[in-house]
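Engineer:
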Amino acid sequence: MHTVYIIYSPSTDQYFIGQTKDLKITLWQHNAKTNPATADGKPWEVKFTQPFATRNEALSLEMKLKKKDRNFWEELINAPQPTI
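Per full-length UniProt numbering, residue 1 is the first one in the sequence shown, and the count goes up by one each step.
As structure tokens, this is what we get:
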């Protein structure tokens, strides 16, 4: 299982989009400043997740989201999520 995620840093008012196999570890890494792209943003908060069966599916959505703008991300984050 792979997950596309959007995290947000209140301290820098920035979003970061990525994909991972283990969201818990990845979030810890972002907050531990091990990723140079997100080192200044601690603490990071998860705002959106979407699971996929394969990494290719997750990478596809990640790339599409990275081409969008902040308004699109915030609409996605604030949209009601379907309950399963």
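Yeah, the Cβ is synthetic: ideal placement off N, Cα and C, and Gly gets one too.
Remember, it's a predicted structure, so these values are computed and weren't measured experimentally.
Got a sec, what are the start and stop residues for the beta strand (DSSP E) Lys-47 sits in?
Structural biologist: That run of the beta strand (DSSP E) goes 45-52.
Engineer: If you draw a straight line from the alpha carbon of Leu-61 to that of Ser-11, how long is it in whole angstroms?
Structural biologist: Cα to Cα, Leu-61 sits roughly 26 Å from Ser-11.
Engineer: Suppose you measure from the CA of Leu-65 to the CA of Thr-34; what does that come to, to the nearest Å?
Structural biologist: The alpha-carbon atoms of Leu-65 and Thr-34 are separated by roughly 23 Å.
Engineer: Please classify Ile-7: is it buried, with 16 or more other beta-carbons within 10 angstroms of its beta-carbon, or exposed?
Structural biologist: Looking at its Cβ environment, which holds 16 or more other Cβ atoms inside 10 Å, Ile-7 is buried.
Engineer: What is the DSSP secondary structure of Thr-3, counted as helix, strand or coil?
Structural biologist: If DSSP states are grouped into helix, strand and coil, Thr-3 belongs with the strands.
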